[in-house]
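Notes follow the structure.
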Amino acid sequence: MNAACPSPAPVPHEPWYKYGVAFLLIEMAFAIAVCGYSLYMTFHGYGGFPGKHQGVSTHTDAQHRERSFTQPVYARPHSAQPYQ
Amino acid sequence: MKTHKVEQLILATLGFFWCFLMWFSTAAFSPSIAAHYRLSIQALGLLASSAIWMAPVGRIIAGWASDRFGAPRTFAFILAGCGLISVASAYTSDYRLLFMERTIVAIAGVSFVVGIQHVAQWFDANEIGTAEGLYAGTGNVGAGIGALVLPRIFGTNYHGAFLWLGTIAIGIAAWYLVRGSAAKSAQQRKLVRERSNIRDTVFVWSRYIAIALMLAYAMSFGLEIAMNAWLPGYFTRGFHDAILALGFTSVAGVQIAAGTFAAVQSFTASLFRPFSGFMSDLFQRRKWAPLPFIAKSLPYAPRLHWLGISLVLITLSMVGLTIAGQTGSLHLSVGVLVVMGVFISCGTGGTFALVPLLFPDRPGAAAGFVGGVSTAAAIVYPLVFSTNSHIHMGYMRVALYIFVPFVLFYFWAARYELQPEEHGLLSRALAAEDA
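Residue numbers (my numbering), protein chains in the order written: chain R, 1 to 84; chain B, 85 to 519.
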């Protein structure tokens, strides 16, 4: 990197700074975890964050209407099924 | 009153977090409100869009008020005012009155610039990036937390939610008034107060570097909130077959999948923002100034370079999103979107690591201008995205016709090696005699 900036010598950080940096690292880890979890859920056919695991029908609305009189259709099978 | 700058940072962050929680609480309960009042799709869209109506003008006024009256008084006024109206809305049974009350509560979103001013008055130049990043990034999460947590706690009882949110806001306002302190020193407070006049505001607005920062924020935060509104529809239309292939075959399922893909952009953009402030501090500390054209001898030159890099990365990620969309790969598009969220956070954090340093005597006016006017961009981008019949090409169009000129203007405005804030559209005499 070019170091042409002639600004004064770095001032040592105050004690709070290391806690601030730790907090922002926690926030980043939280963001990565939530994104990873929600994308995993979604790419595997589940609801994704905030996790509507029970509310995602695997059937079209028309199929849903037809079958809703006979059996619950909200249970999601474990493997993702392609639309047919 | 004895206090510490970390206490002031916590106060500002908590106040901002709660304001964002109130700002987006209407959206969190919009299905319940729509069901209760039997709203049409158009009425629901109007309710959703009303959240942003007050932002551009409101932030400009709030920025000026924080310079004039001090951040604690301004923040307490916003919290208490919005809190009281939120409490009133909990007892409202007429939809028109409820709509008006919730539009007023949405004013809470203007508090962003007040906290920026407050933090700038307490933290030194070598740590301002991290401090502003922690404030803005953590506070922004209030919007996401509201969408995720409020419906789980209150279910469809939005009356109860509005009551509690308003009551706690009034409590935070009282705490802010008692423990908040406007600036580190009386001398600094006096200087900022004296500069809170119309001539100094015009001076800030007419500076090339202020305009460049406003455009940089439009490229980052403006894009973030535009994408929040645009992406669910984009994924639903652009990747409909791919989402069906995942097993989301009902309308509700497709909406959930598309909403989840869209949410990752917003989530990473918010929570990586403190990291961007930290990177700005790191560039400053290591004196990294790698870009051509941009000034290298200014005391804060490395921060200008960090923001320049961020803007280039945002532009490239827009091109990448078009290319990923053209390949038809849903996984690749979502991956690019996550990266774009990080780059957007680099832009938002990098911008507000600079604003207080460029205008140390007018932090509120500068924050109001940069943070307020830029939100109007959120209205423009979706219009450009939707002008082409090929849905993936919209990002490329925005990158080429809007972002490239913005980046070039930034490089041009940041080239001055001495006092860039002296250069602007109006002469010094017209802008501010004593500026």
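All residues carry an ideal CB built from backbone N, CA and C; glycine is no exception. Predicted model only: the values in this text are computed from it and were never measured.
Sub-8 angstroms separation of residue i and residue j beta-carbons
i                      : j                      : result
residue 197 of chain B : residue 452 of chain B : yes
residue 164 of chain B : residue 257 of chain B : yes
residue 429 of chain B : residue 213 of chain B : no
residue 425 of chain B : residue 471 of chain B : no
residue 95 of chain B  : residue 264 of chain B : yes
residue 348 of chain B : residue 247 of chain B : no
residue 31 of chain B  : residue 302 of chain B : As shown, chain B starts at 85 and ends at 519. That puts residue 31 of chain B outside it, with no answer to give.
residue 28 of chain B  : residue 134 of chain B : This structure cannot speak to residue 28 of chain B, because chain B is shown only from 85 to 519.
residue 194 of chain B : residue 139 of chain B : yes
residue 507 of chain B : residue 406 of chain B : no
residue 230 of chain B : residue 112 of chain B : yes
residue 458 of chain B : residue 427 of chain B : no
residue 207 of chain B : residue 86 of chain B  : no
residue 115 of chain B : residue 221 of chain B : no
residue 13 of chain R  : residue 211 of chain B : yes
residue 156 of chain B : residue 266 of chain B : yes
residue 250 of chain B : residue 168 of chain B : yes
residue 372 of chain B : residue 386 of chain B : yes
residue 215 of chain B : residue 106 of chain B : no
residue 448 of chain B : residue 150 of chain B : yes
residue 152 of chain B : residue 283 of chain B : no
residue 468 of chain B : residue 478 of chain B : yes
residue 234 of chain B : residue 354 of chain B : no
Coarse secondary structure for residue i, derived from DSSP in three states
i                      : result
residue 239 of chain B : coil
residue 499 of chain B : coil
residue 279 of chain B : coil
residue 508 of chain B : strand
residue 369 of chain B : helix
residue 96 of chain B  : helix
residue 122 of chain B : coil
residue 64 of chain R  : Residue placement at residue 64 of chain R is flagged as unreliable, the pLDDT there being 40, under the threshold of 50; the coordinate-derived value follows with that caveat. The answer is helix: DSSP assigns residue 64 of chain R an H, G or I state.
residue 291 of chain B : strand
residue 53 of chain R  : Since pLDDT at residue 53 of chain R reaches only 43, below the 50 mark, its modelled position is unreliable, and the value read off the structure follows with that caveat. Three-state result, residue 53 of chain R: coil.
residue 349 of chain B : helix
residue 334 of chain B : coil
residue 207 of chain B : coil
residue 104 of chain B : helix
residue 85 of chain B  : coil
residue 59 of chain R  : For residue 59 of chain R, the predicted model reports a pLDDT of 43, less than 50, meaning its position is unreliable and no value from the coordinates is stated.
residue 72 of chain R  : Legend: pLDDT at residue 72 of chain R = 33, less than 50; position of this residue unreliable, value from coordinates given subsequently. Coil, per DSSP.
residue 413 of chain B : coil
residue 224 of chain B : helix
residue 132 of chain B : helix
residue 151 of chain B : helix
residue 443 of chain B : coil
residue 11 of chain R  : coil
residue 390 of chain B : helix
residue 480 of chain B : helix
residue 397 of chain B : helix
residue 405 of chain B : helix
residue 178 of chain B : coil
residue 473 of chain B : coil
residue 315 of chain B : helix
Integer Cβ distance of residue i from residue j, believed to fall under 8 angstroms
i                      : j                      : result
residue 154 of chain B : residue 236 of chain B : About 37 angstroms separates the two Cβ atoms, so there is no contact after all.
residue 217 of chain B : residue 305 of chain B : About 13 angstroms separates the two Cβ atoms, so there is no contact after all.
residue 97 of chain B  : residue 223 of chain B : 5 angstroms
residue 228 of chain B : residue 350 of chain B : 7 angstroms
residue 495 of chain B : residue 392 of chain B : 7 angstroms
residue 326 of chain B : residue 388 of chain B : In fact, because the Cβ distance is near 41 angstroms, the residues do not count as touching under 8 angstroms.
Residue i: CB within 7 angstroms of a non-hydrogen atom of the ligand HEM
i                      : result
residue 454 of chain B : As far as ligands go, the structure on display features none, and thus does not contain the ligand HEM.
Point to revise | Contact residues within the stretch 310-331 of chain B, judged by C-beta distance below 8 angstroms to chain R | key: 325, 328, 329, 330 and 331
Exercise for review: Using a Cβ-Cβ cut-off of less than 7 angstroms, list which residues of the stretch 16-40 of chain R approach chain B; keep chain order.
Suggested key: Answer set for the stretch 16-40 of chain R: 16, 17, 20, 21, 23, 24, 27, 28, 30, 31, 34, 35, 38 and 39.
Review point. Would you call the stretch 480-494 of chain B and the stretch 391-404 of chain B in contact, with 3 or more CB pairs under 8 angstroms?
Key: yes
Check your understanding: Would you call the stretch 289-298 of chain B and the stretch 189-209 of chain B touching, i.e. three or more CB-CB distances under 8 angstroms?
Key -> Counting Cβ pairs under 8 angstroms, fewer than three are found: no touch.
Check your understanding: Any residues in the stretch 348-367 of chain B with a beta carbon nearer than 7 angstroms to a beta carbon of chain R? Which ones, in chain order?
Key -> Answer in chain order: 348, 351, 352, 355, 356, 358, 359 and 362.
Exercise for review: Return the residues of the stretch 202-224 of chain B that lie within a Cβ-Cβ distance of less than 8 angstroms from chain R, sorted by chain order.
Suggested key: 208, 210, 211, 214, 215, 217, 218, 221 and 222
Practice item. Count the C-beta pairs between the stretch 438-455 of chain B and the stretch 142-162 of chain B that are closer than 8 angstroms, then say yes if the count reaches three, no if not. Key: yes
Exercise for review: Mind checking the stretch 97-111 of chain B against chain R and listing, in chain order, the residues whose C-beta falls within less than 9 angstroms of any C-beta there?
Suggested key: none
Check your understanding: At a Cβ cut of 9 angstroms, what residues of the stretch 258-272 of chain B count as close to chain R, listed as they run along the chain?
Key -> Listed in sequence order: no entries.
Exercise for review: Could you tell me whether the stretch 330-342 of chain B touches the stretch 430-444 of chain B, using the rule of 3 or more Cβ pairs below 8 angstroms?
Suggested key: Under the three-pair Cβ rule at 8 angstroms, the stretch 330-342 of chain B does not count as touching the stretch 430-444 of chain B.
Point to revise | Residues of the stretch 291-302 of chain B with Cβ closer than 9 angstroms to any Cβ of chain R, in chain order | key: none
Practice item. Quick one: which residues of the stretch 391-405 of chain B get their C-beta closer than 8 angstroms to a C-beta of chain R? List them in chain order. Key: none
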